[in-house]
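For the sequence shown, our numbering begins at 29 and goes up steadily by one.
Idealized CB from N, CA, C, for every residue including glycine.
Please read all numbers here as calculations on a predicted model, not as lab measurements.
For reference, the structure is listed below as C-alpha cells.
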Amino acid sequence: EPNVRQMLHAIEHLAQLRLTETDLTVRRMDETDRAAMGAVYTTSARTRPGHLARGPYVWDRVYRAWNNRPPICTGVFDGDRLVGYIVWRQKSPNPRYTLHIADVVAPTKPIADRIWRFLADQGSVVDKITGATAPDDPF
C-alpha cells in the first residue's frame, strides 16, 4: 500500500508539484476512442514489466459502471493523437466528491504531468483522489 499513500500524499500537495508545461491537451473521450485507448495501453505495456495484454474481460472491468455511474475517460492528446489517458469515477458527490482513478496510462513525464494538471484543475469539486499504481509506475 505504499504507492496508494504516496499518491494520496502527492495529491494533497498538487499545488507544490513541479509540472512540466506542455502543449498537450486533454478532452473527455467516449466509446469511439476505445480502440485508441487499447493501442496506447498496449504500446505502453510492452515496455512495462508486469503489464499484461488485456482481453475483453479486463477492458469490461475498466469501463463498467459503479452504482449506475459510468466511468469518465479523459485523454491526453498531442495534436489529434492520443498519447495517454485516465479513466476515473466520481464517488459520493456531497457537495464535493472523491475522484477514483480506475486506470491510467502516462508513459512519459510530460503526459503524466498533464494528467496531474488535469487532476489539480478538479480541485474546486474534488475532496479526495484515490487509486493504486504499480510500484514502478512513473505516474
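{"query": "For valine 104, the residue or residues it bridges with in DSSP", "result": "Val54 and Gly112"}
{"query": "Leucine 80 burial status per 10 Å Cβ neighbour count (16 or more: buried)", "result": "exposed"}
{"query": "Identity of the residue in Leu110, Lys137 and Pro123 nearest glycine 151 by Cα", "result": "Pro123"}
{"query": "Within 8 Å, strictly: CB atoms of valine 133 and serine 72", "result": "yes"}
{"query": "Beta-carbon proximity list for valine 153, same chain, < 7 Å, skipping 5 on both sides", "result": "Arg124 and Tyr125"}
{"query": "Other residues of its chain near threonine 50: CB distance less than 6 Å, five sequence neighbours each side excluded", "result": "Pro138 and Arg142"}
{"query": "Beta-carbon proximity list for glycine 54, same chain, < 6 Å, skipping 5 on both sides", "result": "Correcting the residue identity first, residue 54 is valine in this sequence and not glycine. The residues are Thr102, Val104 and Phe146."}
{"query": "Delimiting residues of the alpha helix (DSSP H) encompassing aspartate 61", "result": "Note, aspartate 61: premise wrong, no alpha helix (DSSP H); not H, not E."}
{"query": "Leucine 147, enclosing alpha helix (DSSP H) - first and last residue", "result": "137-149"}
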